[in-house]
Amino acid sequence: MWLNLQKRFLTITARIGISAILSFCLTGCGTSRNAPTLIRFWNGFTGPDGTRALQIVRQFNQENPDIEVRMQRIEWGTYYNKLYVAGIGKRAPEVFVLHTSALRRFEETGFVRPIDDLLGDFPVNDLDANVWDATVYKGKHYGLPMDFHPIGLYYNRKLFREAGIVDANGEAKPPRTKSEFLEDARKLTKTSNNAALSQWGYAYSNAPLHVYSLMKQYGGKFFTPDLSKCLLNSPENVAALQFCVDMILKDKTAPSPDASDPWIGFRQGRVAMTWNGIFMLPDLQKQKDLDFAGFPVAQIGEQSAVQAGSHNFCLNANMGEKKRNAAWKFAKFYSDHSLDWAEAGQVPVRKSLRQSPRFAKMTVQSQFANQISYGAYFPQIPFNQEFETEFNYAVERTLRGSVTPKEALDAATAKIEQVIARRREDRQSVTGVASP
Amino acid sequence: MTPTLADPETISSKAKSPKETLKRYSGWLFVLPYLILFSLFLLTPLIYGFRLSLYKSELLSLSPPRFIGAGNYAEAFRDPYFWKAMTVTMRMMLLVTPITILTALGIAVGINSLPRKRQTFFRSAFFVPGMLTISVVGIVWRWFYSPEFGVFNAYLGAFGLRPPWLGNPAWATLAIVIMTVWWTVGGPMIILLAGLQNQPEQYLEAAALDGATAFQRFRFISLPLLRPVLLFTIILNVIGAFQIFGQTLLVTKGGPEFGTRTLVQYIYDTAFNNYRMGYASSMSWILFVVIGAFAVIQFRVLREK
Chain A
1 MWLNLQKRFL
11 TITARIGISA
21 ILSFCLTGCG
31 TSRNAPTLIR
41 FWNGFTGPDG
51 TRALQIVRQF
61 NQENPDIEVR
71 MQRIEWGTYY
81 NKLYVAGIGK
91 RAPEVFVLHT
101 SALRRFEETG
111 FVRPIDDLLG
121 DFPVNDLDAN
131 VWDATVYKGK
141 HYGLPMDFHP
151 IGLYYNRKLF
161 REAGIVDANG
171 EAKPPRTKSE
181 FLEDARKLTK
191 TSNNAALSQW
201 GYAYSNAPLH
211 VYSLMKQYGG
221 KFFTPDLSKC
231 LLNSPENVAA
241 LQFCVDMILK
251 DKTAPSPDAS
261 DPWIGFRQGR
271 VAMTWNGIFM
281 LPDLQKQKDL
291 DFAGFPVAQI
301 GEQSAVQAGS
311 HNFCLNANMG
321 EKKRNAAWKF
331 AKFYSDHSLD
341 WAEAGQVPVR
351 KSLRQSPRFA
361 KMTVQSQFAN
371 QISYGAYFPQ
381 IPFNQEFETE
391 FNYAVERTLR
401 GSVTPKEALD
411 AATAKIEQVI
421 ARRREDRQSV
431 TGVASP
Chain B
1 MTPTLADPET
11 ISSKAKSPKE
21 TLKRYSGWLF
31 VLPYLILFSL
41 FLLTPLIYGF
51 RLSLYKSELL
61 SLSPPRFIGA
71 GNYAEAFRDP
81 YFWKAMTVTM
91 RMMLLVTPIT
101 ILTALGIAVG
111 INSLPRKRQT
121 FFRSAFFVPG
131 MLTISVVGIV
141 WRWFYSPEFG
151 VFNAYLGAFG
161 LRPPWLGNPA
171 WATLAIVIMT
181 VWWTVGGPMI
191 ILLAGLQNQP
201 EQYLEAAALD
211 GATAFQRFRF
221 ISLPLLRPVL
231 LFTIILNVIG
241 AFQIFGQTLL
251 VTKGGPEFGT
261 RTLVQYIYDT
271 AFNNYRMGYA
281 SSMSWILFVV
291 IGAFAVIQFR
301 VLREK
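So the protein sequences, as listed, match chains A and B.
Once you know that position 420 of the first sequence is 420 in the working numbering, the rest is easy, because the numbers rise by one and skip nothing.
Once you know that position 92 of the second sequence is 92 in the working numbering, the rest is easy, because the numbers rise by one and skip nothing.
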């Protein structure tokens, strides 16, 4: 009796299972025949930029019914980890975004594809040369630049006018030189015993990017050309970092990093100047009562330089022709719509589009765009993440006054040298030849 | 039931009827589903991880994994970041466990003193935070701690206090500890409460008749009876505290100055930022051994004599 019941139960469940699988297969197979080519598109645009990106993706899907781009947003903090692991497991998306400084790491792995053979009639000369050249590895271009996002000066115009820092027309006048920058910071600082009521001339709302810009301005180098030695603790870099610390500890025109959130301070009108990425713009635009403007960063060192990044469209190396063409079509479409993308706080790298009246109306973007020719990417090295971790740690410790700039940069250099040594050893074990 | 030599069933096991054999193994059948999952998802990765920890296995490397014996372990002992993370982890554990257990005990005793009907509400109220996922807790508490808009500084500000909650390593550690206690106190509380409620009432009544005060009754009757339950909750809590990860990753990202980067987070960074799987595995194993050692020591010290 019991056995009988069990048997019947098994047959019934088996029947249900089989019919379910059959019907799934039938409907599934039916739709897949004329289904659009699926392009998975991964990026880290989890802020307002993601909304803008999604609009462009939707428009593309509408205009190209034979292709379906599916966008996946992953917080930048974990994005590269996931992308990398997906790539190793041969499950990387067809199209993905890489920062210019992250390209080397991925090029070495072989799952990014060069795009030179796909360019066709793409107006390569319309791209900014330095941005486009930065995607080259072993003579080939490995990504189509989507944008240029430098840091720049955000300044509070109301506070500038109140402090009397104005031009002939009575308009707020942002600093261009080292002396102007220091003097303005002093004039704009009003410290009081209550930290919440203090007004700061400057605040480090993104200290690593600020410090990196200054190091570049001071002529600092980071690696020997063959990547065999780290030069982070060179005198120029130490001097640049010292300048930043002095604003906190000596001049007292910038708050110590643990006092409060500097970016919120700027939004609240308690900070007059801050250098931060153009991608922070949407955050400020939401705030209607803040009278702010953007301007290129002041030249503190001997040469003009500013930290910048670019997002690049990169194509999966392992895909068939149909997918490849669809992916490239999408990348081109996005590039052609650079102005829509610029609204999210980006500078287009298509020169023709920057000359349009529409771009001129994006005042902050236009100001920041003046820095394209001297934009400096983080070192393009295969171990960029290790470098940036150490770099950020050194900057953080120094600005908090825990260690001197020299101590922090020496420690960071030693750590990065360890990474280089590991890599050298690794290469030797593969090729028998010592090369970094 | 453990079979002994004198057990006739054991001796004559060969001559058993099929029905008896089935009975003997039916216990295994019941645990089989769990055993399969356990070996598939816990035992196998554990052993694989140990093997990995003996190799130089780096996803960024062009060469295949290479056996280096204890090389990764040696590197860990030389690595200042490892020691920093270990110190942070120990500090967290030493703060989180006593505070959690004492708070849980306090709440359990408090609830236990209420009439039964009213206990349900408080029991669930204190248990609810533990049901939230760490991502929710992390995001909410990050706002709580915001120096400008945070709820803590909004109230403390009224007294002229504005602690830089996540601003420096000491405060950030404290912030993580408070948040962890809030999040995890419910579990031990429920277990301790159950322990208290299982105690035979006669002992307490007898003591009360002999004139013992409430404190004396707790100290000399309830607490000793609670010992095995306490041991259990403490060990579980220490194991949990050693593995603090989500809190720091979401709220402080291990900062400032890596002052709250726990060992598990360092292992995560090593494995998934720098793709050094072998090295990360070796640190996981060190952590495993440390946790195991702590559990054994606690068991020895707190076990009933």
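Yeah, the Cβ is synthetic: ideal placement off N, Cα and C, and Gly gets one too.
How far does the alpha helix (DSSP H) with residue i in it reach, from first residue to last?
i: residue 208 of chain A; result: 207-217
i: residue 71 of chain A; result: Careful: residue 71 of chain A lies outside any alpha helix (DSSP H), inside the beta strand (DSSP E) at 67-73.
i: residue 273 of chain A; result: Here residue 273 of chain A belongs to no alpha helix (DSSP H); instead the beta strand (DSSP E) covers 271-277.
i: residue 181 of chain A; result: 178-188
i: residue 385 of chain A; result: 384-399
i: residue 201 of chain A; result: Looking at the DSSP string, residue 201 of chain A is not in any alpha helix (DSSP H); the run it does join, the beta strand (DSSP E), is 200-202.
i: residue 160 of chain A; result: 157-162
i: residue 106 of chain B; result: 80-112
i: residue 231 of chain B; result: 223-242
i: residue 40 of chain B; result: Where residue 40 of chain B is concerned, there is no enclosing alpha helix (DSSP H), given that its DSSP letter is neither H nor E.
i: residue 82 of chain A; result: 76-88
Measuring only the C-alpha atoms, how far is residue i from residue j?
i: residue 346 of chain A; j: residue 364 of chain A; result: 10 Å
i: residue 239 of chain B; j: residue 142 of chain B; result: 25 Å
i: residue 21 of chain B; j: residue 191 of chain B; result: 38 Å
i: residue 135 of chain B; j: residue 237 of chain B; result: 20 Å
i: residue 114 of chain A; j: residue 56 of chain A; result: 24 Å
i: residue 29 of chain A; j: residue 36 of chain A; result: With a pLDDT of 47 at residue 29 of chain A, under the threshold of 50, the modelled position of this residue cannot be trusted; read the value that follows with caution. Answer to the nearest angstrom: the Cα atoms are 14 Å apart.
i: residue 26 of chain A; j: residue 34 of chain A; result: At residue 26 of chain A, the pLDDT of 48 sits below 50, so the modelled position is not reliable and the matter cannot be decided from this model.
i: residue 306 of chain B; j: residue 26 of chain B; result: The displayed coordinates of chain B run from 1 to 305. Any statement about residue 306 of chain B would go beyond what the structure contains.
i: residue 77 of chain B; j: residue 219 of chain B; result: 43 Å
i: residue 240 of chain A; j: residue 205 of chain A; result: 17 Å
i: residue 61 of chain A; j: residue 270 of chain A; result: 45 Å
i: residue 425 of chain A; j: residue 62 of chain B; result: 11 Å
i: residue 375 of chain A; j: residue 286 of chain B; result: 45 Å
i: residue 95 of chain B; j: residue 72 of chain B; result: 30 Å
i: residue 222 of chain B; j: residue 202 of chain B; result: 12 Å
i: residue 448 of chain A; j: residue 83 of chain B; result: One cannot answer for residue 448 of chain A here, as it falls past the ends of chain A, which runs 1 to 436.
i: residue 178 of chain A; j: residue 289 of chain A; result: 30 Å
i: residue 48 of chain A; j: residue 279 of chain A; result: 9 Å
i: residue 92 of chain B; j: residue 163 of chain B; result: 19 Å
i: residue 285 of chain A; j: residue 82 of chain A; result: 32 Å
i: residue 298 of chain B; j: residue 181 of chain B; result: 21 Å
i: residue 150 of chain B; j: residue 274 of chain A; result: 23 Å
i: residue 447 of chain A; j: residue 41 of chain A; result: Missing from the structure shown is residue 447 of chain A; chain A here goes from 1 to 436 and no further.
i: residue 316 of chain A; j: residue 112 of chain A; result: 5 Å
Residues of chain A with CB closer than 7 Å to the CB of residue i, please, in chain order.
i: residue 258 of chain B; result: 393
i: residue 147 of chain B; result: 260 and 261
I want to verify the contact list: residues of chain B whose CB lies under 8 Å from the CB of residue i, in sequence order.
i: residue 461 of chain A; result: Coverage of chain A is limited to positions 1 through 436, which leaves residue 461 of chain A absent and any answer about it impossible.
i: residue 400 of chain A; result: 168, 256 and 257
i: residue 429 of chain A; result: 63 and 66
i: residue 340 of chain A; result: By Cβ distance, chain B contributes nothing, its closest Cβ being about 30 Å from residue 340 of chain A, past 8 Å.
Based on the DSSP output, what are the partners of residue i in its beta bridges?
i: residue 299 of chain A; result: A:177
i: residue 39 of chain A; result: A:69
i: residue 113 of chain A; result: A:315
i: residue 337 of chain A; result: Answer is none; residue 337 of chain A lacks a bridge partner.
i: residue 375 of chain A; result: A:306
i: residue 58 of chain B; result: B:276
i: residue 331 of chain B; result: Since the first residue of chain B shown is 1 and the last is 305, residue 331 of chain B is not available in this structure.
i: residue 145 of chain A; result: A:312
i: residue 294 of chain A; result: A:154
i: residue 66 of chain B; result: B:56
i: residue 223 of chain A; result: A:230
Closer than 7 Å by beta-carbon distance: list the chain C residues that pair up with residue i, in chain order.
i: residue 397 of chain A; result: Included in the structure are the protein chains A and B, with no chain C among them.
Taking C-beta pairs closer than 9 Å, name the residues in chain B that residue i reaches, listed in chain order.
i: residue 336 of chain A; result: Within 9 Å Cβ-Cβ: nothing; residue 336 of chain A doesn't reach chain B, min ~35 Å.
Considering just the uninterrupted stretch of the beta strand (DSSP E) at residue i, what are its terminal residues?
i: residue 98 of chain A; result: 95-99
(request) Check each residue of the stretch 59-74 of chain B: if its Cβ is closer than 8 Å to any Cβ of chain A, include it; give the result in chain order. (result) 59, 60, 61, 62, 63 and 66
(message) Closer than 9 Å between beta carbons: that is the criterion. Which residues of the stretch 255-273 of chain A meet it against chain B?
(response) 256, 257, 258, 259, 260, 261, 264, 265 and 268
(request) Give, in chain order, every residue of the stretch 77-100 of chain A whose Cβ lies closer than 9 Å to some Cβ of chain B. (result) 77, 78, 80, 81, 82, 84, 85 and 88
(request) Note down, in chain order, all residues in the stretch 356-386 of chain A with a beta-carbon under 8 Å from any beta-carbon belonging to chain B. (result) 382, 383, 385 and 386
(request) Check distances from the C-beta atoms of the stretch 164-188 of chain B to those of chain A and list, in chain order, the residues that come in under 7 Å. (result) 164, 167 and 168
(request) Report the residues of the stretch 111-137 of chain A with a CB closer than 8 Å to any CB of chain B, ordered along the chain. (result) none
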